[in-house]
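Chemist: If you want the numbering used here, it's the position in the sequence shown, counting the first as 1, plus 30. Where is the CB? At the ideal position from N, CA and C, for every residue including glycine. From a predicted model like this one, the values you see are computed outputs, not experimental measurements.
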Amino acid sequence: KASLPEGVEIVETYNRSELIQRSIRTLTHELVLEMVVVALVIMIFLLHIPSALVPIITLPTAVVISFILMYLMGVSANIMSIGGIAIAIGAMVDAAIVVVENCHKKLEEWKERGGKGSIDEVIISAIKEVGPASFYSLLVIAVSFLPIFALEAQEGRLFKPLAYTKTLAMLVASVLSITLVPAILMIVSKNREFKKGPIWWTRILNFIFSPQMKNEDEHLISRFLFKVYGPVVDWVVDQRKKVIAVAIAMVLITLPVYFKLGSEFMPPLNEGTILYMPTTMPGISVTEAQTLLQKQDEILKSFPEVLSVHGKAGKAGTATDPAPLSMMETVIVLKNQTEWRTKDRWYSWLPHFLHWPFEWITPSYMSWDELIKEMNKKMNFPGVTNAWTLPIKGRIDMLTTGIRTPIGIKISGGHLKEIERVGLQVEKMISQVEGTRSVFAERVTGGFFFDFNFNREALARHGLSVKMAQESLAIALGGKNVTTTVQGRERYSVNVRYARDFRQNKEDIKRILLDSPKGYQVPLSEVATIEVLNGPGMIRNDNGLLTGYVYVDIEDSDVGGYVKKAKALLNENLDLPPGYSLSWSGQYQSIERVKEKLKIVLPVTLLIVIVLIFLNTGSAIKTSIILLAIPFSAIGAIWLLYILGYNMSIAVWVGLIALLGVDAETAIYMLLYLDLAYEKRKKEGRLNTFSDLKEAIHIGAVKRIRPKMMTVLTTFIALLPIMMASTASSGADVMKRMAAPMVGGIFTSFLLELLVYPAIFALWRERAFKSKGDYNP
Numbered sequence: 031k032a033s034l035p036e037g038v039e040i041v042e043t044y045n046r047s048e049l050i051q052r053s054i055r056t057l058t059h060e061l062v063l064e065m066v067v068v069a070l071v072i073m074i075f076l077l078h079i080p081s082a083l084v085p086i087i088t089l090p091t092a093v094v095i096s097f098i099l100m101y102l103m104g105v106s107a108n109i110m111s112i113g114g115i116a117i118a119i120g121a122m123v124d125a126a127i128v129v130v131e132n133c134h135k136k137l138e139e140w141k142e143r144g145g146k147g148s149i150d151e152v153i154i155s156a157i158k159e160v161g162p163a164s165f166y167s168l169l170v171i172a173v174s175f176l177p178i179f180a181l182e183a184q185e186g187r188l189f190k191p192l193a194y195t196k197t198l199a200m201l202v203a204s205v206l207s208i209t210l211v212p213a214i215l216m217i218v219s220k221n222r223e224f225k226k227g228p229i230w231w232t233r234i235l236n237f238i239f240s241p242q243m244k245n246e247d248e249h250l251i252s253r254f255l256f257k258v259y260g261p262v263v264d265w266v267v268d269q270r271k272k273v274i275a276v277a278i279a280m281v282l283i284t285l286p287v288y289f290k291l292g293s294e295f296m297p298p299l300n301e302g303t304i305l306y307m308p309t310t311m312p313g314i315s316v317t318e319a320q321t322l323l324q325k326q327d328e329i330l331k332s333f334p335e336v337l338s339v340h341g342k343a344g345k346a347g348t349a350t351d352p353a354p355l356s357m358m359e360t361v362i363v364l365k366n367q368t369e370w371r372t373k374d375r376w377y378s379w380l381p382h383f384l385h386w387p388f389e390w391i392t393p394s395y396m397s398w399d400e401l402i403k404e405m406n407k408k409m410n411f412p413g414v415t416n417a418w419t420l421p422i423k424g425r426i427d428m429l430t431t432g433i434r435t436p437i438g439i440k441i442s443g444g445h446l447k448e449i450e451r452v453g454l455q456v457e458k459m460i461s462q463v464e465g466t467r468s469v470f471a472e473r474v475t476g477g478f479f480f481d482f483n484f485n486r487e488a489l490a491r492h493g494l495s496v497k498m499a500q501e502s503l504a505i506a507l508g509g510k511n512v513t514t515t516v517q518g519r520e521r522y523s524v525n526v527r528y529a530r531d532f533r534q535n536k537e538d539i540k541r542i543l544l545d546s547p548k549g550y551q552v553p554l555s556e557v558a559t560i561e562v563l564n565g566p567g568m569i570r571n572d573n574g575l576l577t578g579y580v581y582v583d584i585e586d587s588d589v590g591g592y593v594k595k596a597k598a599l600l601n602e603n604l605d606l607p608p609g610y611s612l613s614w615s616g617q618y619q620s621i622e623r624v625k626e627k628l629k630i631v632l633p634v635t636l637l638i639v640i641v642l643i644f645l646n647t648g649s650a651i652k653t654s655i656i657l658l659a660i661p662f663s664a665i666g667a668i669w670l671l672y673i674l675g676y677n678m679s680i681a682v683w684v685g686l687i688a689l690l691g692v693d694a695e696t697a698i699y700m701l702l703y704l705d706l707a708y709e710k711r712k713k714e715g716r717l718n719t720f721s722d723l724k725e726a727i728h729i730g731a732v733k734r735i736r737p738k739m740m741t742v743l744t745t746f747i748a749l750l751p752i753m754m755a756s757t758a759s760s761g762a763d764v765m766k767r768m769a770a771p772m773v774g775g776i777f778t779s780f781l782l783e784l785l786v787y788p789a790i791f792a793l794w795r796e797r798a799f800k801s802k803g804d805y806n807p
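(1) Do you know whose CA, among V71, V84, S174, G465, lies nearest A688's CA?
(2) Please classify V526: is it buried, with 16 or more other beta-carbons within 10 angstroms of its beta-carbon, or exposed?
(3) On the three-state DSSP scale, how would you describe Y528?
(4) Closest by CA to L657, which one among G691, V624, M110, V634?
(5) Determine the extent of the alpha helix (DSSP H) in which R570 is found, giving its start and end residues.
(6) Mapping the DSSP letters down to three states, classify Y288 as helix, strand or coil.
(7) Check each candidate in R434, V639, K403, L489 and name the one with the smallest Cα separation from Q551.
(8) From D804 to L701, what distance separates their C-alpha atoms?
(9) Assign R736 to buried or exposed, taking buried as 16 or more other Cβ atoms, counted over all protein chains shown, within 10 Å of its Cβ.
(10) With distances taken between CB atoms, is the gap from M358 to L305 smaller than 8 angstroms?
(11) Could you say if the stretch 90–101 and the stretch 52–59 meet the contact criterion of at least three C-beta pairs nearer than 8 angstroms?
(12) For the alpha helix (DSSP H) containing G616, list its first residue and its last residue.
(13) Quick check: V580 and E457, are their CB atoms within less than 8 angstroms of each other?
(14) Would you mind sorting S33 into buried or exposed? The rule is 16 or more other CB atoms within 10 Å of its CB.
(15) Could you work out which residue in V123, P177, L169 is closest to V631 when comparing CA atoms only?
(16) Please state if the CB of S167 and the CB of Y787 are separated by a distance shorter than 8 angstroms.
(17) Could you pull the start and end residues of the beta strand (DSSP E) that A558 belongs to?
(18) Sort V211, L201, V267, S332 by Cα distance to K724 and report the nearest one.
(19) Out of curiosity, what's the CA-to-CA distance linking A116 and N646?
(20) Can you tell which of L554, A471, D531, G565 has the C-alpha that lies nearest to the C-alpha of Q500?
(21) Since P751 and V67 should fall inside the 8 angstroms C-beta cutoff, what is the C-beta to C-beta distance between them, to a whole number of angstroms?
(22) By the three-class DSSP mapping on this structure, what secondary structure does Q326 have?
(23) Within 10 angstroms of the Cβ of Q517, are there 16 or more other Cβ atoms? Answer buried if so, exposed if not.
(24) Quick one: Cα of M65 to Cα of M754, how far?
(25) Out of T745, K595, A792, R795, which has the shortest C-alpha to C-alpha gap to I119?
(26) Pull up the DSSP beta-bridge partners for Q51, would you.
(27) Leaving out five residues on either side along the sequence, give the residues of the same chain with a beta carbon under 8 angstroms from the beta carbon of E448.
(28) Quick one: grab the DSSP three-state call for R253.
(29) Between the stretch 376–389 and the stretch 249–268, do three or more beta carbon pairs fall short of 8 angstroms?
(30) Would you identify the three-state DSSP class for R711, choosing helix, strand or coil?
(31) May I ask which residues mark the beginning and end of the beta strand (DSSP E) holding Q269?
(32) Considering K510, what are the terminal residues of the beta strand (DSSP E) in which it resides?
(33) Provide the residue span of the alpha helix (DSSP H) that contains P547, from first to last.
(34) Taking the alpha helix (DSSP H) that K440 falls in, what are its first and last residues?
(35) DSSP three-state call for K540: helix, strand or coil?
(36) Inspect the beta-carbon positions of I329 and K408 and report whether they are closer than 8 angstroms.
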């Protein structure tokens, strides 16, 4: 600033670093909040500080090691890389929780037997009992993210950092579950009484490090869970066939809801700015473009949500921005969303202090769509077609597909006039499709040009050649650098051409004088005729064919649903000439590319997961039972997406893929505890009747409800801070769509596992008693 002349200053109109910093702050805040929530859940359920310290120490250790590996692999800290750790936080401590809780259970049984034998042997046997299942469950979660590594192009660049960090975090957690966790357990499980030092100090140390472990029957939460869940398990075992039938019916009811979900490529990222890109007809003058731009900026700045407006018309001084005057770009910087105007919502009738539970679903302040819709109504200029996007999103779309709107239609063929004719037909038809905000077909031949036809005989009479006449005309209209002035270290070229008043219109150009070699000057009108013609302002080439674009801006984000309706309309009404083709581009092209990739990769990943589960269980039936968690979780995931109005996108698919691993993990633990109780009673010879089986199921399901609740709640509650994050926070929109299917899926999956798995297990194991005479189901 000090080097500028007095009164001149540089004003920053758009700075992406602020968006980056805001996004990182949002994700970092949610990450810290998740760790605190997970620690509190563990502490409440265990009520034993030394044991609770095991997963609490393991969690930050795994996170720190993951960040070190990120650094070594060159993965930067961004929304996606931090988001990968954020959605893995809850699952990272599951193995540690299961191992710690099983040690508690074994130590309780050891004390009931009079404390015979070594405590080390009890702890080691407890770890061995659940260690393999814990390790495999975390391995399944890590492997389930393989489809993300197969993504390519834009989606691959965006989501691979997330896949790297989440996979690294889960692999680190799985290794720590069989190394660090047993080591800490061996230390904290042995009561050591502190005697040295002041009394108050020794009491504090003994309270923290040497408290007595509470039996589950004495634990307030465990007693409550036993009381509620016990009768339920007994009932579902008695009504096992009906319970399974209801679960199947719930899955079938959910299928139509899935097909009602829309589809989009990427959820909107709150960039804090809007990119307004109006398009006018070709041939607009510089003066008219400037006037129009000023009027647009004035209207946009009048909105109270707008902080600043900066418009541009024409081409920038770079080869990467070949924009004509007819295509304008205006960057609208917005205030923080919490400062926007409020709207009446469905909960507005409630007292103001009761609004906060509903704010995270439907914020009281205006949404992006509402603001853009209101702006679009006011920006209604004759001959101008509006398009609204976001700066980063719009630039990426233009770089990857050449289309600046969410949807684009490319018309390819052999003749520009025919391409324009088809484009105008498409524009007229698409404007009738519900949800169309604007549609604009490029006027391929809409440029205005002067065509000079030289009379060779007239030129010859004056001693001129066509080349000489063209050079004189080019200098008169376009100018020519004749010399360079030197002023100290500065160099300035001197350009000579006709003044504007002498080249303003056709009649002025006719009077341009050409120098004859015979020593006199000849008016241009004597040697040439001038015509004003229409021609291509810009010639596009796509796959070796001439191409014209049709830009389509839509009011909602359901790109897939919109294209389906538009395709049906065009297929029915549009008659394409032979040799001309129509292809859909923009975000839709990216959606189709991802779909085709996932069709191949998802089945392969599912097969690997099945193999891992089979290696852990050693049974095809057990593997099949565990896999039932996938449709159970789909119920909650799909319904929550439907309720929140989220479309299927890559972010949602990432959440569903992450849910696949978590489902497998919870199902493995549920089946593990049922199987342990069954095998124990069988080994003791107390499994002779169906009543014995029912009691074994009761013990495996009810008496081990605490670790199951802890593993699910740490993941479920850890995701709630992301779900409850304000949409005004940069980066929250993307993360909420990843967390939503996980939150909904974990809820229904766990609920149905608690109810349906005991019924399925009873139906499977009762076959052993049907041949006996005392069988009484």
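Modeler: Result, derived from the coordinates:
(1) S174 is the residue among V71, V84, S174, G465 whose C-alpha sits nearest the C-alpha of A688.
(2) The residue is exposed, with fewer than 16 neighbouring Cβ atoms inside 10 Å.
(3) Residue state, collapsed to three classes: coil.
(4) Per the Cα distances, G691.
(5) Counting along the chain, R570 falls outside any alpha helix (DSSP H), though it belongs to the beta strand (DSSP E) covering 570–572.
(6) Y288 falls in the helix class under three-state DSSP.
(7) The option with the nearest alpha carbon to Q551 is L489.
(8) Per-residue confidence for D804 stands at a pLDDT of 49, beneath the threshold of 50, marking its modelled position as unreliable; the derived number appears in the next sentence. So the two alpha carbons sit approximately 27 angstroms from each other.
(9) With a 10 Å radius around the Cβ and a threshold of 16 neighbouring Cβ atoms, R736 comes out buried.
(10) The answer is no: Cβ separation not under 8 angstroms.
(11) No, because fewer than three Cβ pairs between the stretch 90–101 and the stretch 52–59 fall closer than 8 angstroms, the two stretches do not touch.
(12) Per DSSP, G616 belongs to no alpha helix (DSSP H); it is in the beta strand (DSSP E), 611–616.
(13) A distance below 8 angstroms separates the beta carbons of V580 and E457.
(14) Exposed, since its Cβ has fewer than 16 Cβ neighbours within 10 Å.
(15) Comparing Cα positions, the closest option is P177.
(16) No, Cβ-Cβ distance for Y787 and S167 is not below 8 angstroms.
(17) Its beta strand (DSSP E) spans residues 558–565.
(18) Taking only the C-alpha atoms, the option nearest K724 is V267.
(19) Rounded to whole angstroms, the separation of the alpha carbons of N646 and A116 is 27 angstroms.
(20) Minimum Cα distance to Q500 is reached at L554.
(21) The pair is a contact, with the Cβ atoms about 7 angstroms apart (cut-off 8 angstroms).
(22) Here Q326 carries a helix assignment [DSSP, helix/strand/coil].
(23) Exposed, since its Cβ has fewer than 16 Cβ neighbours within 10 Å.
(24) The alpha-carbon of M65 is positioned some 16 angstroms away from that of M754.
(25) Nearest option by C-alpha distance: T745.
(26) According to DSSP, Q51 bridges with nothing at all.
(27) Within the same chain, P607, Y610 come within 8 angstroms of E448 by CB-CB distance, once the 5 residues on both sides are set aside.
(28) Of the three classes helix, strand and coil, the one that applies to R253 here is helix, per DSSP.
(29) By the Cβ rule, the stretch 376–389 does not count as touching the stretch 249–268, because fewer than three pairs are nearer than 8 angstroms.
(30) Of the three classes helix, strand and coil, the one that applies to R711 here is helix, per DSSP.
(31) Note, Q269: premise wrong, no beta strand (DSSP E); not H, not E.
(32) Per DSSP, K510 belongs to the beta strand (DSSP E) from 510–517.
(33) Going by DSSP, P547 is part of no alpha helix (DSSP H) at all; its letter is neither H nor E.
(34) Per DSSP, K440 is not a residue of any alpha helix (DSSP H); the beta strand (DSSP E) it occupies stretches across 437–443.
(35) The answer is helix: DSSP assigns K540 an H, G or I state.
(36) In contact: I329 and K408 (Cβ atoms closer than 8 angstroms).
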